[in-house]
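Visitor: Note that the protein sequences, when read in sequence, are chains A and B.
The working numbering puts the first residue of the first sequence at 17, with every later residue one more than the last.
The working numbering puts the first residue of the second sequence at 2, with every later residue one more than the last.
We treat Cβ as the ideally placed atom computed from N, Cα and C, and that holds for glycine.
Note that this is a predicted model, so its numbers are computed, not measured.
Let me give you the structure first, and then I'll get to my questions.
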Amino acid sequence: MSETISRRIYFDWAATAIPLRFDPAGSYPWGNPSSLHEEGKKAREALEGARRTCAHILGVPEHTLFFTSGGTESNALVIHSLLLRPGKPGILYGATEHPSVRENAEILRRLEHSVGIIPVESDGRILSQTLFASLEKFPRTRLVCLMGVNNETGAIHDIPRLVRELRIFQSQRGGPPLHIHCDLVQTLGKIPFSLQEADIDSAAMSAHKLGGPRGIGLLYCRKKVESLLRGGEQEGGLRPGTENVWGAMALAHCFEQRALPSVVRQEHLAATQRMALLIRELSRIPGTTLIPADRSPEDPRFSPYILQVAFQGMPGEVMVRTLNDQGFAVSTGSACSAAHQDRPILKAMGVPEEIARRGIRISQGWTTTEEDIRALVATIFTIIQKG
Amino acid sequence: MGLYLIKPGELTLKGNNRKEFESILKRNMVTMLRGTGASLHLTEGRYFVRCSEEQEGAVEGVLNRIIGIAGWARARFCEKNMEALIATVIEEARGLASQGYRTYKLEARRSDKSFPLDSYGIVCAVGEEIRKALPELTVQVQNPQIVIHIEVRERVYVYSLTHQGRRGLPVGSAGRGLLLLSGGIDSPVAGYLMACRGMKLDSIYFHAYPYTSEEAQRKVARLAEILGSYTLGMRLFTIPFTAVQLRIKERAPDAWTTVLLRMAMMEAADRLASTIDARALVTGESLSQVASQTIENIRCTESTTVLPVLRPLIGLDKEETIRLAREIGTYDVSILPYEDCCVLFSPVHPIIHAPYDEARDLYAACELQGLIEEAVRNKKVEKLGYPS
């Protein structure tokens, strides 16, 4: 059974980041931002101030940013908007998308919209040619969902290039304009990325992956979409409901701390070095399989924050529990059962089921040190040896 | 006030033992009703439960779980005169008509012989009034949908047995059994069926942390709690079995791990049973349902036990087991996705018809006795589902 370990080392940053301290100066503007009185005005100012900060850091106009409850809601808002458009417009999404894209897209399938899945290569990435072929196969497509960084493998999509090529392809074949939506939950603050350059129409972001609180996120949306949610006129009617002012302030705070391009570049460099160390050290343990197997220590195709790896003779779930008892937090999405195939992302990449079942995800963040990495690898080595 | 009438089940058939069964059933009812403030009376082979209006839901919950009763009904009662009697029966009949009943029969019993009409007279008079008041109901003597009972005692009681009881024999009338409880659908049903034959149950679960999860263990505890609500509580013994599993994996060919593990579990259960005065092991095995449940493999797994192994599901269809699991409320827990056996110990091609002698030899070669003894010694016990 689990023992109490005095020192915990956290390697599950892709699930949630260690929270940043947030103590806003002065009293919290608790009023309702829609109220006309002084309390309401203060809350409105705080909310719009938070939006301004985020817009400045992301380099986009303020009116394109909407506060939501997080990544899942931001993805769902855009996908569900197709339900209100005439002619049952179709959706195309990558085979390794997060469930908040996949499952919401599948609702559309139930309602007889055209839903296409874009196959990925063995590294989890989508080729332009495959994207074009999918578009031709599903001509009713109006919304394309592409994720920036995969949450299980760290595979990076070169969004600006893919989007540029996609738009050229679509215009050459005389197809209708496409809405391109990106899940940037594992991208923002981690990978150098410019919303301005990306030429995407909407994007989902979440605060808690960057050290902010749960329950607050952002939807970037430069095109008008109609929300299925109805209520007040908050957030331009896109996300009705009294605004989470404190959350928005905390989100702006963590953007300031973690999402400034200079900070992202610097942290990315350090994370790349630590990831290279992790991969090199793990590769010395016999029977270790990186997923995908050809991932190199400083592989630019992958986020240096996320690694998927399988170990000899040990189901992922068992490794997670054993590491937990030794003081390390890592994660897996796999069940310790032959009856359950629940690694759809790895399956889409063609990873054999037997390896997928052994996969664990190690994800790091800004407090991770080389010493942490060496301690983790040494512990894994001991566990494998005991077998 | 809520008044309920309970008709005991098959214990009425048990000749000389009847008094003992009756007293166990009564004791069970008193125990299960504890905390509801309800009172219980036995008169002429019928039990009456009285409770306050607020406790009606709790009492009905208990009546739905008591093993050993044929049925129960909410009873109406009134003063001992024909006018009140007729009004009460019509009220009862109206309720039945609104529930969709269309054919009925009246049965009257007159314990108080001073009442002016005899049973036949009561039935005739009341039947006539029902015919006038509720023409949608027709009398059918041979095969009525519902029987309305009228009993004239110190008061008049009117009831119709609208709720089926769980039947069987009262829990505690047939000794103690130790149920091998996994997180699956079958074993809780097996336990329930043996409880319906009067068996008091404890359960044993083999935990192989970190190869099986704490969620799987909690799931088993939840199942034991649900079963315990029928059996007046249940002890769940959790046996740490990782060392045994690893030894089998280390020493035996892959294909054999399932059957050898089952043999080890049976041996551990048998050892535990002897220390808790259990007279039998109970399993959810159903012939040929999975690899470890072929007749050849059952012979192997039973070879490590001294006590009889009861397998109430052995000839049951899976659909029937699922129906029962739904009925007793364990199904939704059983299908939660927490496995009780790690894939590491589940060979892709398990041996299906294990040769007995080979199984015994391989089992001996694993030298498990010491590990099993230690595992049983390190058991953890929880008491679950006991009445408050």
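Using the C-alpha atoms, what's the distance from Ala264/A back to Val76/A?
Guide: Taking the first sequence and counting its residues from 1, the one referred to as residue 76/A is at position 60. Taking the first sequence and counting its residues from 1, the one referred to as residue 264/A is at position 248. Straight-line Cα distance between these residues: approximately 17 Å.
Visitor: Rounded to whole angstroms, what's the CA-CA distance from Trp262/A to Lys225/A? Just pull it up for me.
Guide: Locating residue 262/A in the first sequence gives position 246, where the first residue counts as 1. Locating residue 225/A in the first sequence gives position 209, where the first residue counts as 1. For Trp262/A and Lys225/A, the distance between alpha carbons rounds to 17 Å.
Visitor: Under the three-state reduction of DSSP, which class applies to Ser299/A: helix, strand or coil?
Guide: Locating residue 299/A in the first sequence gives position 283, where the first residue counts as 1. In the structure shown, Ser299/A sits in a helix (DSSP, three-state: H, G or I).
Visitor: Would you kindly check if the distance between the Cβ of Gln324/A and the Cβ of Arg374/A is under 8 Å?
Guide: Position 358 of the first sequence holds residue 374/A. Position 308 of the first sequence holds residue 324/A. No; because the gap between Cβ atoms is not below 8 Å, this pair is not in contact.
Visitor: Got a sec, what are the start and stop residues for the alpha helix (DSSP H) His42/B sits in?
Guide: Walking along the second sequence from the start, residue 42/B turns up at place 41. That residue, His42/B, is in no alpha helix (DSSP H); its beta strand (DSSP E) goes Ser40 to Thr44.
Visitor: Find the nearest neighbour of Ala364/A within the set Ile95/A, Ser312/A and Asn166/A, judged by alpha-carbon distance.
Guide: Walking along the first sequence from the start, residue 364/A turns up at place 348. Ranking the options by Cα distance to Ala364/A, first place goes to Asn166/A.
Visitor: Would you mind stating whether Leu178/A and Leu200/A have Cβ atoms separated by less than 8 Å?
Guide: Taking the first sequence and counting its residues from 1, the one referred to as residue 178/A is at position 162. Taking the first sequence and counting its residues from 1, the one referred to as residue 200/A is at position 184. Result no, Cβ atoms of Leu178/A and Leu200/A do not sit closer than 8 Å.
Visitor: Using a Cβ-Cβ cut-off of 8 Å, state whether Thr395/A counts as contacting chain B.
Guide: Position 379 of the first sequence holds residue 395/A. Not one chain B Cβ lies under 8 Å of Thr395/A.
Visitor: Would you check if the stretch 254 to 273 of chain B and the stretch 288 to 302 of chain B touch, i.e. whether three or more CB-CB distances between them fall below 8 Å?
Guide: Yes, they touch.
Visitor: Any idea if Trp29/A is buried or exposed, counting beta-carbon neighbours within 10 angstroms, 16 or more meaning buried?
Guide: Here residue 29/A refers to the residue found at position 13 when the first sequence is read from its first residue. Under this definition Trp29/A is a buried residue.
Visitor: Taking Tyr332/B as the query, report the chain A residues whose CB atoms sit under 9 Å from its CB, ordered along the chain.
Guide: Counting from one through the second sequence, the residue named residue 332/B turns up at place 331. The contacting residues do not exist; Tyr332/B stays about 17 Å from chain A at best.
Visitor: Return the residue from the list Glu386/A, Arg390/A and Arg180/A that minimises the CA-CA distance to Ala214/A.
Guide: As a position in the first sequence, residue 214/A is number 198, starting the count at 1. Ranking Glu386/A, Arg390/A and Arg180/A by Cα distance to Ala214/A puts Arg180/A first.
Visitor: Starting from Pro121/B, follow the alpha helix (DSSP H) in both directions and report where the run begins and ends.
Guide: Within the second sequence, residue 121/B is the residue found at index 120, counting from 1. Inspection of the sequence shows that residue 121/B is occupied by Tyr rather than by Pro. Looking at the DSSP string, the run of the alpha helix (DSSP H) that includes Tyr121/B is Ser120 to Ala134.
Visitor: Measuring CB to CB, does Thr48/B end up less than 8 Å from Met33/B?
Guide: Here residue 48/B corresponds to residue number 47 of the second sequence, with the count starting at 1. Here residue 33/B corresponds to residue number 32 of the second sequence, with the count starting at 1. For clarity, residue 48/B is Tyr in the given sequence; the question names Thr instead. It is not a contact, given that the beta carbons lie outside the stated cut-off.
Visitor: In the DSSP output, what is Pro1/B paired with across the bridge?
Guide: In the structure displayed, chain B extends from 2 to 389; residue 1/B sits before or after that span and is not available.
Visitor: Return no unless some Cβ of chain A is closer than 8 Å to the Cβ of Pro309/B.
Guide: Reading the second sequence from its first residue, position 308 is the one you call residue 309/B. No, Pro309/B does not count as interfacial toward chain A.
Visitor: Going along the chain, which residues of the stretch 345 to 359 of chain B sit with their C-beta nearer than 8 Å to a C-beta in chain A?
Guide: The residues in question are Leu345, Ser347 and Val349.
Visitor: Can at least three beta-carbon pairs, one atom from the stretch 368 to 387 of chain B and one from the stretch 228 to 244 of chain B, be found at a separation below 8 Å?
Guide: The stretch 368 to 387 of chain B vs the stretch 228 to 244 of chain B: in contact.
Visitor: Write down the C-beta distance between Ile315/B and Glu286/B rounded to the nearest angstrom, noting that I regard them as a contact closer than 8 Å.
Guide: Walking along the second sequence from the start, residue 315/B turns up at place 314. Walking along the second sequence from the start, residue 286/B turns up at place 285. Right, their Cβ atoms sit about 6 Å apart.
Visitor: Which first and last residues belong to the beta strand (DSSP E) in which Val159/B is found?
Guide: For the purposes of this step, residue 159/B is taken as residue 158 along the second sequence, with counting starting at 1. Where Val159/B is concerned, the enclosing beta strand (DSSP E) stretches over Val157 to Ser161.
Visitor: Using only alpha-carbon positions, find the residue among Pro176/A, His197/A, Leu285/A and Gly86/A that is nearest to Pro9/A.
Guide: Within the shown structure, residues of chain A are numbered from 17 to 403, placing residue 9/A beyond reach of any answer.
Visitor: Report, in whole angstroms, the separation of the C-beta atoms of Ser188/B and Thr284/B, which I expect to be a contact under 8 Å.
Guide: For the purposes of this step, residue 188/B is taken as the residue at position 187 of the second sequence. For the purposes of this step, residue 284/B is taken as the residue at position 283 of the second sequence. Contact holds; Cβ gap of about 7 Å.
Visitor: Distance cutoff 8 Å, beta carbons only. Does Arg246/A sit that close to anything in chain B?
Guide: What you label residue 246/A is simply residue 230 of the first sequence in a count that begins at 1. Cβ-Cβ to chain B under 8 Å: no for Arg246/A.
Visitor: Skipping 5 residues on each side, what residues in its chain have a beta carbon closer than 8 Å to that of Ile107/A?
Guide: By 1-based counting over the first sequence, the position of residue 107/A is 91. So the qualifying residues of the chain are Ile95, Leu98, Ala121, Leu124, His129, Ser130, Val131, Gly132, Thr157, Arg158, Leu159, Val160 and Cys161.
Visitor: My understanding is that Pro404/A touches Thr146/A, with C-beta atoms under 8 Å, so please give their C-beta distance in whole angstroms.
Guide: The first residue shown for chain A is 17 and the last is 403, placing residue 404/A beyond what the model contains.
Visitor: With a cut-off of 8 Å on the beta carbons, I'd call Val60/B and Gly3/B a contact; round off their distance for me.
Guide: For the purposes of this step, residue 60/B is taken as residue 59 along the second sequence, with counting starting at 1. For the purposes of this step, residue 3/B is taken as residue 2 along the second sequence, with counting starting at 1. At roughly 6 Å, the Cβ-Cβ gap stays under 8 Å, so Val60/B and Gly3/B are in contact.
Visitor: Could you work out which residue in Leu204/A, Ala309/A, Pro331/A and Ala394/A is closest to Ser278/A when comparing CA atoms only?
Guide: Taking the first residue of the first sequence as 1, we reach residue 278/A at position 262. The shortest C-alpha separation from Ser278/A is found at Leu204/A.
Visitor: Looking at the structure shown, is Asp333/B part of a helix, part of a strand, or coil, going by DSSP?
Guide: As a working note, residue 333/B is residue 332 in the second sequence. Note: Asp333/B maps to helix in three-state DSSP.
Visitor: Determine, for Arg238/A, whether the minimum Cβ-Cβ distance to residues of chain B falls below 8 Å.
Guide: Taking the first residue of the first sequence as position 1, residue 238/A is located at position 222. No, no contact with chain B.
Visitor: Quick one: grab the DSSP three-state call for Lys58/A.
Guide: In the first sequence, residue 58/A corresponds to position 42, counting from 1. Residue state, collapsed to three classes: helix.
Visitor: Give me the chain B residues within the contact set of Asp341/A, using Cβ-Cβ distance strictly less than 8 Å, ordered along the chain.
Guide: For this step, residue 341/A is matched to residue 325 along the first sequence. Ordered by position in chain B, the residues that pass the 8 Å Cβ test against Asp341/A are Pro211.
Visitor: For Arg189/A and Glu152/A, what's the separation of their Cα atoms in angstroms?
Guide: As a working note, residue 189/A is residue 173 in the first sequence. As a working note, residue 152/A is residue 136 in the first sequence. Their Cα atoms are separated by approximately 9 Å.
Visitor: How far does the beta strand (DSSP E) with Gln370/B in it extend, from its first residue to its last?
Guide: Residue mapping note: residue 370/B aligns to position 369 of the second sequence, counting from 1. No beta strand (DSSP E) contains Gln370/B, which is instead part of the alpha helix (DSSP H) from Gln370 to Arg378.
Visitor: So, for Trp382/A: in the same chain, excluding its five sequence neighbours on each side, which residues have a beta-carbon less than 7 Å away from its beta-carbon?
Guide: Sequence index remark: in the first sequence, residue 382/A carries index 366 (1-based). Counting only Cβ-Cβ distances below 7 Å, and skipping sequence neighbours, we find Glu283.
Visitor: By the criterion of Cβ-Cβ separation under 7 Å, what are the contact partners of Thr304/A in chain B?
Guide: Start at 1 with the first residue of the first sequence, and residue 304/A comes out as number 288. Neighbours of Thr304/A on chain B: none; closest Cβ ~17 Å, over 7 Å.
Visitor: What does Thr338/A touch in chain B if you count any residue whose Cβ is under 7 Å from its own?
Guide: The count along the first sequence starts at 1 and reaches residue 338/A at position 322. Per Cβ cutoff of 7 Å: Pro211.
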